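Residue numbers (our numbering), protein chains in the order written: chain F, 207 to 583; chain Y, 843 to 1142.
Right, one structure below, let's go through it.
Given below as structure tokens:
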């Protein structure tokens, strides 16, 4: 115990000394607040590695505003208490902006501290509460929970022009909430819901409800549950000779879906944020290549890339404003930054820190049983 | 009309699977007066064994008809052996103990099998290969029926008729009925009751294995804990038909499937499961011993 404490103190002193030296040299400090250990460790480490990679890339080109970028990482372990401690430490070390955290809980616990200190924060947290305070320092770099439903409704009405829509959910909170929001958003766009029903997850035999839905003659069935049921629903639709399309929510996006549905999977539509390797943008391809070269692995998930986009936007804005005044940078990001080419799609922010547009995409499973993008923002 | 017929076919398909599994409950109850709670998990186990056997065979043999036939035979043999082992280990030592002890032992065996499956194959669902049976679908006047569905119905009904014939027309079947009525008297008549009980477990488990394979092949996804829900439904089916009564288990299974389909088709799919059970409770109120009555054998 004692030894550990001593080591910790030593490490702290070393960071302090090096930190001061760095300040003397005139660097721009970027904080990373992420779960480096704990159950989200792979996500947290991936975020940290990515931020360091971006910093290295910029530094190789002369840094930003002629100063080198210095990355300071604090491990919040995915816990709210630790997140608040990290926030204070990072603020004390004089960071200009913080990337993180991975979880909404930790991002929210640190949000007010960064706001009071005037430190920019960008997080991939999807919880709708993150932007409710409207802190000028906060920038969400992913899409909130409610964005999936809004995107799905848009896909149904504006792209597919469905006239008769049926929905199915299971009894879980996640599925019920998602499906209800989809229904609400579809109605808002003037869509016509002809049937909405529920299934017991794991029941396997869905032919009774599907036969019933068939009698309503819908042109699409939306399913807001999990792939274990979704794959079977799709297979049983085919078996019942149903011609309606099938659109699955994000939890249907799993390789097992195709295994369960077999050949019946062809023609399935799925709505989700894309896998890193599916991103169609050049910035994405370049970044993934660089990441692979540097670390001999791929980023943990799309969430890493959202955070990288947050960082890239901040660095770009610093350069554009030629300033390290966070208020100025935030103003630029809120008002002037439009359609900045991100890894996860065009970047733009609303005044409350919500990312404009969503990274959600609709895929169609083709005859090759692979995903093909059919609709995106 | 076509919707009604479609729901009927939907219900009969799942119902015949329930019926196959229900036979295992009802036969064991008939002879031992014991609810074999591990039977549902044996069914889940059979689906996993069937998948392993099928994957092994599909590497060696190209004809899918031969693969399926062999899978059924091998799986039925393995599960029958598992059923006999279960009887030996979990039930025979407790045969003269109070009946509750045997029930606890059955529940314990159920947990052992369920968690055993999880430890061997993991908690994630396993998936049967697609198109082992060609996915042929017929459209008869707006009513759709698949080849696999047809196979499930035909094989289930054939097996049930063979079983009915076996129990009522053969010497071994007569011995089985005799043991069900009075084990001591049967013993005095020169019947080896232990052998009869073993036979009961062999037949019940083998039929359950067919049910498990149908679940795997028709619904494709199998879960380590699926034995619980299929077992529960089949157990209810056995009670509805009259526990211990073989035609009763068949009728109960089919009724359960058809009720569920019709309720979800005409009343509410969200409430289908709940309403199905309400209907079943109503049946129990008017026919407490099940539709066909408990143990017809006693009336012989």
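Where is the CB? At the ideal position from N, CA and C, for every residue including glycine.
As the structure is a prediction and not an experimental result, all values here were calculated from the model.
Cβ contact annotation for residue 393 of chain F (same chain, cutoff 7 Å, sequence separation greater than five): 399, in chain order. Of the candidates F/550, F/560, F/236 and F/552, the residue whose Cα lies closest to the Cα of residue 540 of chain F is F/560. Of Y/843, Y/872 and Y/981, the smallest CA-CA separation from residue 1087 of chain Y is found for Y/872. Residue 578 of chain F counts as exposed, since fewer than 16 other C-beta atoms from the protein chains shown sit within 10 angstroms of its C-beta. Residue 881 of chain Y counts as buried, since at least 16 other C-beta atoms from the protein chains shown sit within 10 angstroms of its C-beta.
Membership of residue 568 of chain F in the beta strand (DSSP E) is indicated by the continuous run 567–571.
Taking a C-beta distance under 9 Å as the contact criterion, residue 1132 of chain Y and residue 1083 of chain Y qualify as a contact pair.
A Cβ-Cβ separation of about 22 Å leaves residue 1124 of chain Y out of contact with residue 854 of chain Y under the 8 Å criterion. For a cut-off of 8 Å, the C-beta gap from residue 436 of chain F to residue 381 of chain F is around 10 Å, too long to register as a contact. In the structure shown, the three-state DSSP call for residue 479 of chain F is coil. By the criterion of at least three beta-carbon pairs nearer than 8 Å, the stretch 934–943 of chain Y is not in contact with the stretch 1001–1009 of chain Y.
In terms of Cβ geometry, residue 1058 of chain Y and residue 445 of chain F do not form a close pair [threshold 9 Å]. Proximity of residue 414 of chain F to chain Y, defined by a Cβ-Cβ separation below 9 Å, is satisfied. Interface annotation, residue 272 of chain F: not in contact with chain Y, CB-CB separation never under 9 Å. For the stretch 987–1002 of chain Y, the set of positions with a beta-carbon nearer than 7 Å to some beta-carbon of chain F reads 988 in chain order.
Apart from sequence neighbours up to five positions away, the residues of its chain that approach residue 869 of chain Y with a beta-carbon distance below 6 Å are 1042 and 1046, ordered along the chain. No residue range can be given for residue 395 of chain F, since it is assigned to no beta strand (DSSP E) and is classified by DSSP as neither H nor E. Annotation for residue 276 of chain F: no alpha helix (DSSP H) segment contains it, though the beta strand (DSSP E) segment containing it runs 275–281. Between the C-alpha atoms of residue 318 of chain F and residue 341 of chain F there is a straight-line separation of about 8 Å. Residues of chain Y with a Cβ closer than 7 Å to the Cβ of residue 421 of chain F are, in chain order, 845. Less than 9 Å divides the Cβ of residue 287 of chain F from the Cβ of residue 315 of chain F. In chain order, 479 and 482 place their CB closer than 6 Å to the CB of residue 508 of chain F, counting only its own chain and leaving out the 5 sequence neighbours on each side. Of F/538, F/281, F/575 and F/262, the smallest CA-CA separation from residue 242 of chain F is found for F/281. Annotation: the continuous alpha helix (DSSP H) that includes residue 1108 of chain Y extends over 1088–1108. With a 10 Å radius around the Cβ and a threshold of 16 neighbouring Cβ atoms, residue 1109 of chain Y comes out exposed. At a C-beta separation below 7 Å, residue 1107 of chain Y has these neighbours in chain F: 414, 417 and 418. Residue range 577–582 is occupied by the beta strand (DSSP E) that includes residue 577 of chain F, with no alpha helix (DSSP H) assigned at that position. Judged by beta-carbon spacing, residue 455 of chain F lies beyond the 9 Å limit of residue 440 of chain F, meaning their Cβ atoms are not closer than that value. Membership of residue 377 of chain F in any alpha helix (DSSP H) is not indicated, and neither H nor E is assigned to it by DSSP. Runs of the beta strand (DSSP E) spanning 3 or more residues and lying entirely within the stretch 526–561 of chain F occur at 546–548 and 551–553, in chain order. Chain Y has no Cβ within less than 9 Å of the Cβ of residue 495 of chain F.
For residue 279 of chain F against residue 238 of chain F, the beta-carbon gap comes to about 4 Å, under 8 Å, which counts as contact. Among the residues facing chain F, residue 848 of chain Y is included, as its CB has a counterpart in that chain under 9 Å away. Residue 438 of chain F is positioned such that its CB atom lies closer than 9 Å to that of residue 1061 of chain Y.
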